[in-house]
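For the sequence shown, the positions run 241 to 370 when the numbering used here is used. Cβ coordinates follow ideal geometry from the N, Cα and C atoms, glycine included. All of these numbers come straight from a predicted model, not from anything done at the bench.
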Amino acid sequence: MPSYQFKVDVHPQYLPEQSDPEAGVFVFAYTITITNTGSMAAQLISRTWNINDANGVHEKVRGLGVVGHQPLLKPGESFEYTSGSHLRTPTGTMHGSYFCVAEDGEKFDVDIPMFVLDALSDDPSQRRMH
């Protein structure tokens with residue numbers, strides 16, 4: 241029986257040079273590596289993000305693919321991309337999911353683990369999740 245599994249590693253980073261704290265603009269980049277750890281090739285079709293700032297403001301973002309791609313990953317293959325988000329507070333969180341379709345037509349979701357966006361921390365290991 242085929243397995244449908246992806247591993248998601250996230251590495252967020254605060255971008256002070258693009259941020260304007262006095263105006264309430266905090267810009268973050270995040271690099272994500274998606275690895276097919278299952279036994280069947282699958283294509284990432286779409287994504288859903290849940291973005292929360294420290295004031296409790298919630299934003300849901302949906303879209304096709306990631307950074308213009310809908311990668312097809314064979315077992316053991318990875319796809320890495322960098323994207324970004326901005327908050328009105330210096331800290332917040334993001335989490336979400338990828339919608340994928342396997343080679344055999346099976347549809348499944350892959351959880352993107354929650355990670356912290358933190359403009360105040362000097363220690364990036366405190367923000368990294370996988």
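**Prompt:** Is the beta carbon of Y338 sitting closer than 8 Å to the one on L304?
**Reply:** Remark: C-beta atoms of Y338 and L304 do not approach each other more closely than 8 Å.
**Prompt:** So, is A263 buried or exposed, given that buried needs 16 or more other C-beta atoms within 10 angstroms?
**Reply:** Under a 10 Å Cβ-count criterion, A263 is classified as exposed, with fewer than 16 other Cβ atoms of the shown protein chains found around its own Cβ.
**Prompt:** Where does P311 fall in DSSP's three states?
**Reply:** Taken through DSSP and simplified to helix, strand or coil, P311 comes out as coil.
**Message:** Which of the three DSSP states is assigned to Q258 in this structure?
**Reply:** Looking at Q258 - three-state DSSP - the assignment turns out to be helix.
**Asked** Does the distance from the CB of T271 to the CB of A294 come in under 8 Å?
**Response** Against a cut-off of 8 Å, the Cβ pair of A294 and T271 comes out as no contact.
**Request:** Round the Cβ separation of S318 and F268 to the nearest angstrom and send it over; I've been treating them as touching at under 8 Å.
**Result:** Beta-carbon to beta-carbon, S318 and F268 are separated by about 22 Å, too far to satisfy the 8 Å threshold.
**Prompt:** From E343 to F266, what distance separates their C-alpha atoms?
**Reply:** Answer to the nearest angstrom: the Cα atoms are 40 Å apart.
**Request:** Report yes if the CB atom of W289 is closer than 8 Å to the CB atom of V307, and no otherwise.
**Result:** In terms of Cβ geometry, W289 and V307 do not form a close pair [threshold 8 Å].
**Prompt:** With distances taken between CB atoms, is the gap from P242 to M280 smaller than 8 Å?
**Reply:** Taking C-beta atoms as the reference points, P242 and M280 count as a pair closer than 8 Å.
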